Amino acid sequence: RVTRNQREHRLDEALDDLEATQQATPDNRTAVRRARRRVGRIRSSMAQQQLRQEFARDEAKCVARILRTASAETAVEEPPETCPIPASALHEHFAAVNTPRINFLPGEACGEQFRAAMADIGTPTEQRDALSDELTVDEVEDQLVQAAANSSPGHDGVGYDVYKKFAAQLVPLLHAAFQFCWSHGRVPALWKVGYVRLIHKKGDPGDPANWRPICLQTAIYKLYSGLLARRLSKYLEANELLPMAQKGFRAFNGCHEHNFVA
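Remember, my numbering sits 476 above the position in the sequence shown when you count from 1.
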């Protein structure tokens, strides 16, 4: 069992390490962030220990304080506007939106351009381990830190804010789950379930074209997808496999360049 003095000693060490990192490598933001997160994890652990002690002393008082804190931190959301259009009409409308004219089959005539582009790629030589190396705890933590806490949750109701609040306990579990998915090349079917919400944009509410669908997916699935996207982007950028015309969703080439060109 870790004592209070041991936790305080670990906190002092983490604070010293953070100060040393900031002075030695101030431009290394990744190292500084990791040092700060280490301090945060230790402080979180100390707060949890204090909470357990309060619970042991006075259970009712401790629970009441937790509920008051949670109520103060939770924003009250207005109920979403309801779409008056029948589900059958909505399905008919959106099923026709962006529907491909033909089914894409790489081996058929429609895939000729795709096959030619793939043939020109050659054999990549850089960052080949990005698609095979095991995921790390730091990657999971970085992905969670960058996630927007106010993003709407999926069908399970668990948003990024929950994962951030209990990061010290959940990051190791997330890492284990993500590594299992990475090793087996599969994810739970429930992760793929999305909750589609319609948002009225303008005009007649009875016209399906005036509603925009957004798909709310579970935070855990978006975290894992973000990890895969970062790995793939790292691989593509290192091997210069992306065309210069693509500016969106890249680490360096931004859409602002297209704005000036236009």
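Beta carbons: idealized from backbone N, C-alpha and C, even for Gly. Quick caveat, the model's predicted, so the values are computed rather than measured.
Beta-carbon proximity of residue i to residue j, cut-off 8 Å
i: Pro-600; j: Asn-715; result: yes
i: Leu-703; j: Val-613; result: no
i: Leu-699; j: Gly-670; result: no
i: Cys-586; j: Ile-578; result: yes
i: Pro-681; j: Pro-582; result: no
i: Ala-685; j: Ser-520; result: no
i: Val-663; j: Pro-689; result: no
i: Thr-497; j: Ala-507; result: yes
i: Trp-687; j: Lys-677; result: yes
i: Tyr-711; j: Gln-603; result: yes
Residue i classed as buried or exposed, judged by whether at least 16 other C-beta atoms fall within 10 angstroms
i: Leu-647; result: The sequence as given places Val at residue 647; Leu does not occur at that position. Val-647 is buried by the Cβ-count criterion.
i: Gln-619; result: buried
i: Pro-611; result: Per the sequence shown, the amino acid found at residue 611 is Leu instead of Pro. Leu-611 comes out buried.
i: Ile-675; result: exposed
i: Ile-542; result: exposed
i: Leu-650; result: buried
Collapsed DSSP secondary structure at residue i in the structure displayed
i: Pro-689; result: strand
i: His-569; result: helix
i: Val-663; result: coil
i: His-631; result: coil
i: Pro-555; result: Legend: pLDDT at Pro-555 = 38, less than 50; position of this residue unreliable, value from coordinates given subsequently. Pro-555 falls in the coil class under three-state DSSP.
i: Val-669; result: coil
i: Ile-675; result: strand
Whole-number beta carbon distance between residue j and residue i, since they are thought to touch under 8 Å
i: Arg-707; j: Ala-606; result: 5 Å
i: Glu-713; j: Ala-695; result: Incorrect: roughly 26 Å between the Cβ atoms, too far for contact.
i: Tyr-636; j: Ala-623; result: 4 Å
i: Ile-518; j: Arg-486; result: 5 Å
Closer than 7 Å: residue i CB and nearest the ligand NAD heavy atom
i: Ser-521; result: By its list of ligands, the structure shown contains no ligand whatsoever, and the ligand NAD lies outside what it can speak to.
At least 3 beta-carbon pairs within less than 8 Å: the segment 657-664 vs the segment 709-724 | no
If we count Cβ pairs, one from each stretch, closer than 8 Å, do we get three or more for the segment 624-637 versus the segment 507-526?
-> No, because fewer than three Cβ pairs between the segment 624-637 and the segment 507-526 fall closer than 8 Å, the two stretches do not touch.
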